[in-house]
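Colleague:
2 protein chains.
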Amino acid sequence: MTEPSRFDAPLPGLRIGNPIDDVATPALLIDLDLFEHNLALAASLVASHGVSLRPHAKAHKCATIAQRQIAAGAVGVCCQKLAEAFALAGAGVTDIHLSNELADARKATLAAQLAAQVKLSVCVDHAESVRQLGLAAAGAGSRIDLLVEVDIGQNRCGVSTVEAMLALVDEIARHPSLSFRGLQAYHGGLQHVHAWQQRLELAQQSAARAAHFVAALEQRGLRGLTVTGGGTGSIEFDVASGVFTEIQAGSYALMDRQYGELEWRDSFRPAHALHLSATIMSTPAADRVVCDAGLKSLTVDAGLPALARDRNAPALHGWDYAVANDEHGILRRAPRHSAREASHEAPHEAPAWGSQLRLIPGHVDPTVNLHDAYVCHRGGRVEAVWPIEARGMAW
Amino acid sequence: MTEPSRFDAPLPGLRIGNPIDDVATPALLIDLDLFEHNLALAASLVASHGVSLRPHAKAHKCATIAQRQIAAGAVGVCCQKLAEAFALAGAGVTDIHLSNELADARKATLAAQLAAQVKLSVCVDHAESVRQLGLAAAGAGSRIDLLVEVDIGQNRCGVSTVEAMLALVDEIARHPSLSFRGLQAYHGGLQHVHAWQQRLELAQQSAARAAHFVAALEQRGLRGLTVTGGGTGSIEFDVASGVFTEIQAGSYALMDRQYGELEWRDSFRPAHALHLSATIMSTPAADRVVCDAGLKSLTVDAGLPALARDRNAPALHGWDYAVANDEHGILRRAPRHSAREASHEAPHEAPAWGSQLRLIPGHVDPTVNLHDAYVCHRGGRVEAVWPIEARGMAW
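Protein chains in written order, with the working numbering: chain V, 1 to 395; chain B, 1001 to 1395.
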């Protein structure tokens, strides 16, 4: 423990049991009822299809959430970066799949050390990475499970031919410190396709591509392998694919505007459990007010945040978050949808100076990566503060 | 000091004196020669016009950089958030202007406490904020200097009429714990206007608007006031305006792609001192390679990063950073500019698996806010590691 200095300034109002509206802004909030609903929803979906859930921790970067997901039936979590895996392992997570490639011998050495402490698997798509990991695990006296990443339409990492996949399987077999465990087959591009039917069809095409690689391994006598992939936008199709043994969805636990705006059917529709609180800090004009949350509190790579208009939100009808500056969000009157609206409705009242609002971030993953903790609430009161241990763990 | 745990994993290769290319990626790098060049450039520009420089610390969030700027002649720094001011004050910065409004009585109380420890000024554009600060300073036995923010074209915060400005000046005068010190007049919108001549004209228009407010104060007998504003894109016009007494430029110290692409004249042209290092971690296709730096290491609110092609960068001609995913950057072959090029040049070689590159982030402020430290280098070697104390200080 460091001594508190005369410059320590904890977030005003942040105390367990306080009304959530008393917490100063901006703060990243989790509605625990909705979060638990989302966890139960995904757990029940995968269980009903006999597949495993390995939620992606890149979407929350929080050991407490990882442990909650595991308590709800998940077999472990995914991490996207080695530093992220170290941060979560240090906070007690014991089963991690690194769903990404390493291209640095020193990172391979660290992965081998981590594999001596927790159950660790790593993706590969290049023979040199296999050799680095094999050497590192031999040196550390550990064993690393490897999954070959295959490209099923994402056009990012991963091998795209059966021959390239088999060459890597052969390379892995040359290293007694490595075990070939199966395939990673992830298609990020289809996750945000708006129309449910189109998403279904693309997910089926991707699953068919994955099945093509699996068939080639089965011809070699390799069976009972892990096939890991899938995401929040395709989970209901992935569980039914007959190909995936393990689903990597991450955003479902907290959700964001981007996922919330997809067309969903009732089979799977996670709730917005994550909000960013903000305060109206300037009311300079009748058609423009300014809040204290901008690009340092949320990211706009997937578009602007939405104003929450649910049980967590005050009435802010008729206004939109229109511009994100570094530390400011400019709210403007939303355009009227019809002349009838314009002539029959009184203009919506402007949000009051000093009043709070709740924003639904456009994209959960990079937004979470800006914050050090979640302020978790239930029944209108602060119930817990969860550190975001893997925030900023970028390597 | 906490005991190192078995899960501690420092960034591989990060040791003072090591070759900078040995530091694992992604890492946020400062070229110290270029950084010092930028500091000297701005210091000399303001000195030659007899105005003060109060660099904006929101652009670097680092006490060491703030101290370097002050050592180079700056009168203090600006912060945009109270938590940011606390973080820098805690690291030894003693003169801070909070260039933003507060709309929370508890924040006013904290500001009053901070004003008892360091020289602090705060912006206001609402009478209730003045009252909160007046009450808080009276309670803390401190004195807070206030600047009224006036809108000179930014259309964000700030009063837009002389009457509203004077009403706030009158309100401030009612509080013995407050002092009216002058105006903040900032126009962010003109900072990134590409053409030098157009930027000049807009800066002159903005300065004329600021002068209009100043004249009304002078009519009241209020003279010798601070007029603070300006930015990296307009600094050379602001220093010569005859209106601004203090310039708030921030990005000039490190720079970014957005500012670098403006049309500059030789009078003021800061250098790219900031880079994000990255590693080619996957080479799946002849026209596509993938690096390990995406939206968790840089932001794209002002566009994609550029590949550095200077003394800090390896030869990566003919390739662009084309897509930013959460943890990946996809590089593609840049389009040829002419048929002549296409027919006469051999295709540029693809970057090698495991090789490093240097990216110039699109927008310095939110990118810096993702990182915990700068890795500072000179002559190809790590010279220092500077913590980014105010990272994530969003309230």
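All residues carry an ideal CB built from backbone N, CA and C; glycine is no exception.
1. Within the 8 Å Cβ cut-off, does Trp1395/B reach chain V?
2. Chain B beta carbons: is any one of them nearer than 8 Å to that of Ala24/V?
3. Three or more beta-carbon pairs under 8 Å between the region 1212-1224 of chain B and the region 1263-1276 of chain B, yes or no?
4. So Thr232/V and Gln191/V are supposed to be a Cβ contact under 8 Å. How far apart are they, rounded?
5. Ordered along the chain, which non-local residues of its own chain (more than five positions away) have a Cβ less than 8 Å from that of Asn1038/B?
6. Taking the alpha-carbon positions, what's the Pro1387/B to Leu1014/B distance?
7. Determine the direct distance from the alpha carbon of Ala324/V to that of Ser1206/B, and round the result to whole angstroms.
8. Could you tell me which chain B residues have their CB closer than 9 Å to the CB of Ala121/V, listed as they occur along the chain?
9. For Trp353/V, return the contacting residues in chain B, with the cut-off set at a CB-CB distance below 7 Å.
10. Any residues in the region 1354-1373 of chain B with a beta carbon nearer than 7 Å to a beta carbon of chain V? Which ones, in chain order?
11. Could you tell me if Asp310/V is buried or exposed, where buried requires 16 or more neighbouring beta carbons within 10 angstroms of its beta carbon?
12. Using the rule of at least 16 other Cβ atoms within 10 Å of the residue's Cβ for burial, across every protein chain shown, is Glu236/V buried or exposed?
13. Return no unless some Cβ of chain B is closer than 8 Å to the Cβ of Pro305/V.
14. Output, in sequence order along the chain, the residues in the region 135-157 of chain V whose CB is closer than 8 Å to any CB in chain B.
15. Can you confirm whether Gln1080/B, when its beta carbon is compared against all beta carbons of chain V, has any partner nearer than 8 Å?
16. Taking only three categories from DSSP, how would you classify Asn321/V?
17. Which of the three DSSP states, helix, strand or coil, is assigned to Lys1296/B?
18. On the DSSP bridge list, what partners appear for Lys1119/B?
19. Closer than 8 Å, Cβ to any Cβ of chain V: which residues of the region 1265-1292 of chain B, in chain order?
20. I'd like to know whether the C-beta atoms of Thr279/V and Asp1022/B end up nearer to each other than 8 Å.
21. Check the Cβ of Asp1326/B against every Cβ in chain V and list those closer than 8 Å, keeping chain order.
22. Can you tell me the Cα-Cα spacing of Pro1366/B and Ile1065/B, whole angstroms?
23. Can you check which of these residues, Ala1350/B, Val1382/B, Thr1299/B and Gly1354/B, is closest to Asp1320/B by C-alpha distance?
24. With distance defined between alpha-carbon atoms, name the residue in Cys1157/B, Cys1123/B and Ala1127/B nearest to Ile1144/B.
25. Check Pro19/V in the structure and name its three-state DSSP category.
26. Looking only at its chain, what residues have a beta carbon closer than 7 Å to the beta carbon of Asp1287/B, apart from the 5 residues adjacent to it on each side?
27. In the DSSP assignment, the alpha helix (DSSP H) including Glu953/B goes from what residue to what residue?
28. Residues of chain V with a CB under 8 Å from the CB of Ala1089/B: which are they?
29. If we define contact as Cβ-Cβ less than 8 Å, is Ala1083/B a contact residue for chain V?
30. Between Val1243/B and the rest of its own chain, which residues show a CB-CB distance below 7 Å, the 5 nearest in sequence each way excluded?
31. Quick check: what's the CA-CA separation for Ala1157/B versus Leu11/V?
32. Is the beta carbon of Leu41/V closer than 8 Å to that of Ile247/V?
33. Establish whether the CB of Pro1012/B and some CB of chain V are separated by less than 8 Å.
34. Considering only C-alpha positions, which residue in the set Pro361/V, Cys62/V and Ser277/V is nearest to Pro305/V?
35. Starting from Ile330/V, find everything on chain B with Cβ-Cβ shorter than 7 Å and list it in chain order.
Modeller: Based on what the coordinates show:
1. yes
2. yes
3. no
4. 6 Å
5. Tyr1252, Ala1253, Leu1254, Met1255, Pro1270, Ala1271 and Ala1273
6. 14 Å
7. 22 Å
8. The sequence shown places Ser at residue 121/V, rather than the Ala named in the question. Ordered by position in chain B, no residue passes the 9 Å Cβ test against Ser121/V, which lies about 17 Å from the chain.
9. Ala1103, His1126 and Glu1128
10. Gly1354, Asp1365, Pro1366, Asn1369, Leu1370, His1371 and Asp1372
11. exposed
12. buried
13. no
14. Asp151, Asn155, Arg156 and Cys157
15. yes
16. Note that residue 321/V is Tyr in the sequence shown here, rather than Asn. Strand.
17. coil
18. Asp1095/B
19. Thr1279, Ile1280, Met1281, Ser1282, Thr1283, Pro1284, Ala1285, Arg1288, Val1290 and Asp1292
20. no
21. Lys58, Gln80, Asp365 and Pro366
22. 17 Å
23. Ala1350/B
24. Cys1123/B
25. strand
26. Arg1332 and Arg1333
27. Because chain B here runs from 1001 to 1395, residue 953/B falls outside it and cannot be looked at.
28. Phe7
29. yes
30. Ala1207, Ala1210, Ala1211, Val1214 and Val1227
31. It is Cys, not Ala, that sits at residue 1157/B in the sequence shown. In a straight line, the C-alpha of Cys1157/B is about 24 Å away from that of Leu11/V.
32. no
33. yes
34. Pro361/V
35. Arg1156
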